[in-house]
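As C-alpha cells, the structure follows; a few thoughts come after it.
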Amino acid sequence: MATIDDIVQLSGVSRSTVFRFYNGQNIRSDAKTSIIEAMKQLNYRTDELYKYLNIELEISISSDFESFQGFTKVVNGITSRAEEKGIKVNIARRSVEQMERDYTNWNNSTTLKGIIVVGKNTNDTLLEADLMKKHGIRHVFVNRIMADANISYVAVNLRKAASDMVEHLITIGHKNIAVIGCPSHSQVDEAKLLGYRDAFEKHNLPINHKLVHELSSMDQWEETVRHILEIQRPSAFFAICDSHAIKLIKFAKDYGIDIPSDMALVGMDDIDMTAYVHPSITTVHVPFSKMGALAVDHVINLLIQEDVQATKTIVKHHLVHRESC
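Okay, so the sequence shown: first residue is -14 according to our numbering, each after it adds one.
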C-alpha cells in the first residue's frame, strides 16, 4: 500500500497537512482536493478513502413516510451504496424546531456530514431546502426537481413521465381520462397533473375538466373516486400512483366496470404489486433504488469537491405495458 511519503510527493502538500487530514482535522479546500486525488491515483480503496474523510450520511424522512410507495426501495438503494463505500448512514425524522436547531450547528463537527431527503411534502421540502441552503449543508433531494440553483437533487422528470403515460392513453383512442391529485400538498401530484395537461395540449385536445379533480386533502379521494365511477364513467383512469390504481380495481368491480374492456387503467411508480394484481397494471417505471444509490454518490461528491455548488440529475423512466390498458 502507498505510504504517506507517496501521498506527500504526489499531492504537493506538506507532511503535517497530510497528517491533519488523516486525523480528521480541517485543512484548506485545495489541499484536501490534492490529497484525495493523490489517494485515488495511488489506488486507495474507496472505503479507506472515505474512512479518512470521516464521512457520515443522514436520510431525512417525513412523519408519514409510510405513505411514500418508493420509500423502501430508495432507502435500500442508499444503504446498499453506502455499505459498498464503508459509510455510516442514519435515518432521522425531525420536527421544524429540531431541524432549525440541528442544522444551525450542522457543520461544527470534524465529521463530513451530508443529508439525503426522501418523501417530504411540498411545505416540508421547501422549508428544509431553505434551511440547508442557509447553513451550507451538503444535501441531495430524491425525486424532487428544485428550481433553486443551490439545491441538489436526483429525480425522474415526473411531469414528462405523466405526460408520456397520458399520451399513450390518447394515442389508443381515449379522450375522457379521469385523474385525481392533491397538488397543494404534494409537489409530485402537481408535476403529474401538469404532465396530464401537457399530453392533451400536445395533441390539441380539449380536457374534460369534470374528470380532473384537484383535492385539498387526500381524505376526499375515495368519495371522489366513487363519484367519478358512478356519475362520470370515463373511458380511462390515470391513477397518480400505483397504490391508487390497485384500489381502483376494487372500486371498479363494485360498480360493475370491467378493466380494461369498460375502462382502461394506468398508474405510476411500478411498485412490485402492480405485476401481480388482476388485471396487472400498466404503469411508469420509476427507478427508486437507482435514485437512492445516485444520491449517495452525489452527496459524497459535494462533500469532497467543495468548489461544486450543487448537482442536479434526471434519471430515465419508461412505460411498462400490462393488462389494465
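Even for Gly, the Cβ is constructed at its ideal location relative to N, Cα and C.
Rounded Cβ spacing between residue i and residue j (contact assumed at less than 8 Å)
i, j, result
"Lys275", "Val305", "So it is not a contact: roughly 15 Å between Cβ atoms."
"Thr209", "His198", "5 Å"
"Ile165", "Val151", "Not a contact, Cβ separation roughly 14 Å."
"Thr296", "Ser137", "5 Å"
"Ala114", "Ala147", "Wrong, their Cβ atoms sit about 23 Å apart, outside the cutoff."
"Asp204", "Gln54", "Not really, about 18 Å apart at Cβ, beyond 8 Å."
"Val103", "Val59", "5 Å"
"Val141", "His302", "5 Å"
Buried or exposed by the 16-neighbour rule on C-beta atoms within 10 Å, applied to residue i
i, result
"Val251", "buried"
"Gly121", "exposed"
"Thr96", "exposed"
"Asn106", "buried"
"Phe223", "buried"
"Gly277", "buried"
"Thr259", "buried"
"Leu279", "buried"
"Gln217", "exposed"
"Glu215", "exposed"
"Asn92", "exposed"
"Lys238", "exposed"
"Asp313", "Because the chain is modelled from -14 through 310, residue 313 falls outside the range shown and cannot be assessed."
"Pro272", "buried"
"Ala230", "buried"
"Asn128", "buried"
DSSP three-state assignment for residue i, whether helix, strand or coil
i, result
"Ala249", "strand"
"Leu42", "strand"
"Lys297", "strand"
"Ile165", "strand"
"Phe139", "Per the sequence presented here, residue 139 reads as Val, with Phe not at that position. Strand, per DSSP."
"Asp292", "coil"
"His263", "coil"
"Leu287", "helix"
"Ile146", "A small fix is needed here, since residue 146 is Ala in this sequence, not Ile. Looking at Ala146 - three-state DSSP - the assignment turns out to be helix."
"Val(-2)", "coil"
"Ser14", "helix"
"Thr(-12)", "coil"
"Ile21", "helix"
"Gly158", "coil"
"Gly121", "coil"
"Asp183", "helix"
"Tyr7", "helix"
"Leu27", "coil"
For residue i: DSSP bridge partner residues
i, result
"Ala280", "Ala280 is not bridged to any residue."
"Val269", "Leu304"
"Val173", "According to DSSP, which records beta bridges pairwise, Val173 is partnered with nothing at all."
"Phe126", "Val102 and Tyr138"
Within the segment 45 to 118, ranges of the alpha helix (DSSP H) (whole runs, at least 4 residues): 56 to 69 and 81 to 89
Can you check the segment 191 to 261 for any beta strand (DSSP E) of at least 3 residues that lies completely inside it and give the ranges in chain order? 197 to 199, 221 to 223 and 249 to 251
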